[in-house]
Amino acid sequence: MIIRLNILSLVFVAALPGAVYSAGDPAPPETLAISAYEQGREQARSENWDRAAALFQSVVEKDGQDYRALNMLGYSLRQIGRLADSLAAYDRALSIKPDYAPALEQLSLTAGFYHGYLIALQVLQVLVCLVIAALIFKNKSDDWLA
-4 MIIRLNILSL VFVAALPGAV YSAGDPAPPE TLAISAYEQG REQARSENWD RAAALFQSVV
56 EKDGQDYRAL NMLGYSLRQI GRLADSLAAY DRALSIKPDY APALEQLSLT AGFYHGYLIA
116 LQVLQVLVCL VIAALIFKNK SDDWLA
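So, in structure tokens, the structure goes:
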């Protein structure tokens, strides 16, 4: 009999918060609402980078010291090709928390990607010059150095 009372009281205690919540205010408390940061992470997981960047930007506008949001903002901006803005977001995150490993890692990747891009651009310029020189040489022009 005592075991039944204990089980019944456990069921009652477990059901009480749900009953109180459903009878009270229909709006969920603020703690249950999904934060803009979490929404941004969901958008990033879905590879919707523009929306993710906008959500992380809104978090940063509310709290300029949120280094996690700045890191994710930098990552999202990098994915949409805004490298300079991405680097600035990582830099701000590291100015707030200099030992934040994800920002350090992403900054390294972003800088590496950017430098790789610059090298590829220079190689392309060299190739264009060589093609032009080859075309001039093929036509046996005497003034190809002029």
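Position 45 of the sequence shown, counted from 1, bears residue number 40 in the numbering used here, the numbering being contiguous throughout.
Positions of the beta carbon are idealized from the N, C-alpha and C atoms, including for glycine.
Less than 9 Å separating the beta-carbons of residue i and residue j?
| i | j | result |
| --- | --- | --- |
| I91 | L65 | yes |
| Y70 | L89 | no |
| Y112 | L78 | yes |
| Y85 | A98 | yes |
| I29 | E42 | no |
| L82 | L102 | yes |
Assuming residue i is part of the alpha helix (DSSP H), what are its boundary residues?
| i | result |
| --- | --- |
| Q38 | 31 to 40 |
| R73 | 62 to 74 |
| D94 | Note, D94: premise wrong, no alpha helix (DSSP H); not H, not E. |
| D58 | Note, D58: premise wrong, no alpha helix (DSSP H); not H, not E. |
Could one say the Cβ of residue i lies closer than 9 Å to chain D's Cβ atoms, at least one of them?
| i | result |
| --- | --- |
| W44 | The displayed structure is made up of one protein chain only, and chain D is not part of it. |
- Between the segment 40 to 52 and the segment 72 to 88, are three or more C-beta pairs nearer than 8 Å? yes
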